[in-house]
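Chains A and B supply the protein sequences, listed in that same order.
Numbered continuously in my numbering, the first sequence closes out at residue 235.
Numbered continuously in my numbering, the second sequence closes out at residue 235.
The beta carbon of each residue, even a glycine, is placed where N, CA and C say it ideally should be.
Worksheet: one structure, shown below.
Protein chains: 2
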Amino acid sequence: MSPDPTAGPTTDLITVVLVDDHAMFRRGVRAELEAAGAGVVRVLAEAADVDEAVRAVAAHAPDVVLLDVHLPGGGGVEVMRRSNAPGTRFLALSVSDAAEDVIGTIRGGARGYVTKTITGPELVAAIKRVSEGDAVFSPRLAGFVLDAFAGSIELAAVDEDLDRLTEREREVMRLIARGYAYKEVAKELFISIKTVETHMSSVLRKLQLSSRHELTRWASDRRLL
Amino acid sequence: MSPDPTAGPTTDLITVVLVDDHAMFRRGVRAELEAAGAGVVRVLAEAADVDEAVRAVAAHAPDVVLLDVHLPGGGGVEVMRRSNAPGTRFLALSVSDAAEDVIGTIRGGARGYVTKTITGPELVAAIKRVSEGDAVFSPRLAGFVLDAFAGSIELAAVDEDLDRLTEREREVMRLIARGYAYKEVAKELFISIKTVETHMSSVLRKLQLSSRHELTRWASDRRLL
DNA sequence: GCGAGGATCAGGGGCGTCCCCGATGGTGGG
DNA sequence: CCCACCATCGGGGACGCCCCTGATCCTCGC
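Below, the structure is given as C-alpha cells:
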C-alpha cells in the first residue's frame, strides 16, 4: 500500500535471487526485471534446482527470492524449508494456479504467490511490495488463501466422502477426531458404547481409514475440528 | 495488481456499506471516500451495530463492506457470520493491530484488514483492490496472517515443554503422533515394544497428556508432524 | 406391504494402549 | 564411590479399540 520504512529497504535496490529450472524463463524474467525494474530491483543470482537455490540464498541473503513452485529436488517448499534466512522473503512465481500449490506454498512460508502470466511492471511492483512486508497474490489466487485460512476450503472435495456419512456418523466422527474415547462419545450423545462402535465402524469403512488415529489426522488436515 | 474483469465491477462505481459504531468516524470516512473516491466509490448506507449492519448488507448487497472489528452486538465477525451475501466482500477497518483481531477477522471471512491510520486515497485503493478479489493488508499486518497460516506461531512456547523430553523420547513421540502403533515404532527404532511403552509413559507424563490421541492433537496443533 | 437403509444395542474376541511392578547397564556429577 | 538420569527390557493387568455376527425398531419409497 504505502512504503513502510520499518519493513525493508526502499531506498536501496531490492536484491533478488531467481529460482527456476528453465534457463529460458530465467533469462526472460531477468530481462524484464532489468527493463521494468531498472533502479529498483537487482538480480544477484540464479538457481535451477533446490540445492543451487539453497546455496544461492545462503550466499547472497537477498531481500526477495523469486521461487518456482515445481522444481527438481523437492519443489519450492523444500527451498524455503532448508533456507535459514530471516531477512529474506519468498515470492512464489508459478505456472500453476491450483489451490493445493498455492496453499502448500503459503504454508511453507512464502509471502506471496503470482502466476507467470504476470507482466514485467506488475512483477516489479509485486517484488517491491513483498520486500516491504506486504502480501501479494494474483487476484484470482487471493480467494484460495483466505478461504483456506477461514477454514472453508476443500469442503467441496471433502463432501464427496463426507456426504456419504449420515448425520449421526458425522457427529460421532467429530467427537472421535477430537480425541474423545468411545465411552465419552456415548455419554455425550446419550447412546451406548456399542452404538458408537457401530457408527465408527461405518465411518472408517466409508472414509477408507483403518483406525481412529488416521481419522484424527484426516479430519485435522481438512480442518473439521 | 491489475484489473481483473472477472472478479468485480471496475467500470461502475464500487458500492460500499460502512459499519462503525462511532458516528463521527463514519462521517469522516464518508467524507474521505467522497473526496478521494469520487467517481470510484459510492457509500450506500451506514450501520452502527451488528443488527443494523446485517440488515444494511441484506438490503443493499454492496460490493464491499467496510467493517469495524469491535462493534456492539458481537463484533465484525458476527456481521459476517450472519450475512449471506455471496457477491459482497468484507474489508476490516479497525484501530486494532493485535494479531488475534486480525487473524480472527480473517478466519471469519474478511478479505482484507487495514488500520484506521490509513489515508483516504489508500483506503480507496484498498476498497478497489478488495472489490476486484485481491487481498489487502496493511504491510505490518500481512506478516501476522501469513505467519499464522504457515503455522510458525507459538513455536517458542512449545520448547519449554518439548525441551524436557530426552532425544529418544522425542523420536518416539514424533512417530506416535504420526499414527504409528507401538509395534511399528519398535521396529522403526530397533527397540522392543516395552521400551517404546516406557518412553511413551515418560512423554505423556512430561507433556501432561493422558493418551496418544491427545498427543496427536497436541503435536498437530503445534505442527510438529 | 416390503425391502432398503438408518439408528439403536448385545456378546465375544483379538489386539493395542497404558499402567503397575521390577530389572540391567551406561554415563556424568558431587 | 554413589546417586541421578537415561535407555533398555520383562511380566502382568485393566481397559480401549475395532471387528464380527446378529438383533430390533423406525422411516421412506416403490
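For chain A, find out if any of its Cβ atoms is closer than 9 Å to the Cβ of residue i; answer yes or no.
i, result
"A145(B)", "yes"
"R227(B)", "yes"
"R180(B)", "no"
"R222(B)", "yes"
"E88(B)", "no"
"S230(B)", "yes"
"V168(B)", "Confidence is the limiting factor: at V168(B) the pLDDT is only 48, short of 50, which leaves the residue's position unreliable and the question unanswerable from this model."
"E198(B)", "no"
Could you give the residue range of the beta strand (DSSP E) that holds residue i?
i, result
"G122(B)", "G122 to T125"
"L28(A)", "I24 to V29"
Kindly indicate if chain B contains any beta-carbon less than 9 Å away from that of residue i.
i, result
"R188(A)", "yes"
"H209(A)", "no"
"A191(A)", "yes"
"I24(A)", "no"
"G161(A)", "Bear in mind that the predicted position of G161(A) carries a pLDDT of just 47, short of 50, making it unreliable; the figure below should be weighed with that in mind. Interface residue, yes."
Count the other C-beta atoms from every protein chain shown that fall within 10 angstroms of the C-beta of residue i, then say buried if there are 16 or more, exposed otherwise.
i, result
"S211(A)", "exposed"
"T98(B)", "buried"
"S202(B)", "exposed"
"T129(B)", "exposed"
"P72(A)", "buried"
"A48(A)", "exposed"
"E179(B)", "buried"
"E62(A)", "buried"
"K138(A)", "buried"
"D144(A)", "buried"
"A45(B)", "exposed"
"F100(A)", "buried"
"S104(B)", "buried"
"A102(B)", "buried"
"M90(B)", "buried"
"F200(B)", "exposed"
"A66(A)", "buried"
"D111(B)", "buried"
"R36(A)", "buried"
"E56(A)", "buried"
Looking at C-alpha atoms only, which residue of the options is the closest neighbour of residue i?
i, options, result
"V60(B)", "V112(B), T25(B) and D30(B)", "D30(B)"
"K126(B)", "R117(B), A136(B) and G119(B)", "A136(B)"
"P82(A)", "H209(A), V64(A) and D73(A)", "V64(A)"
"V27(B)", "R52(B), A187(B) and W228(B)", "R52(B)"
"A84(A)", "E224(A), T115(A) and G49(A)", "For clarity, residue 84(A) is Gly in the given sequence; the question names Ala instead. The option with the nearest alpha carbon to G84(A) is T115(A)."
"E177(B)", "H209(B), A120(B) and E194(B)", "H209(B)"
"R121(B)", "E142(B), V134(B) and G130(B)", "E142(B)"
"A68(A)", "S93(A), V146(A), R117(A) and T226(A)", "S93(A)"
"G86(B)", "G118(B), R184(B) and V39(B)", "G118(B)"
"L219(B)", "K193(B), E194(B) and A187(B)", "A187(B)"
"E88(B)", "E110(B), F147(B) and V79(B)", "V79(B)"
"L54(A)", "V39(A), E42(A) and H70(A)", "H70(A)"
"L43(B)", "V74(B), S221(B) and E198(B)", "V74(B)"
"P131(B)", "A41(B), R184(B) and A108(B)", "A41(B)"
Could you check where the alpha helix (DSSP H) with residue i kicks off and where it finishes?
i, result
"S212(A)", "I203 to K216"
"L185(B)", "E177 to A187"
"I137(B)", "G130 to S141"
"Y192(B)", "Y192 to L199"
Exercise for the section: Would you mind listing the beta strand (DSSP E) stretches within the stretch 45-112 of chain A that are 3+ residues and don't spill past its ends, in chain order? Expected result: 51-57, 74-77 and 99-104, all fully within the stretch 45-112 of chain A.
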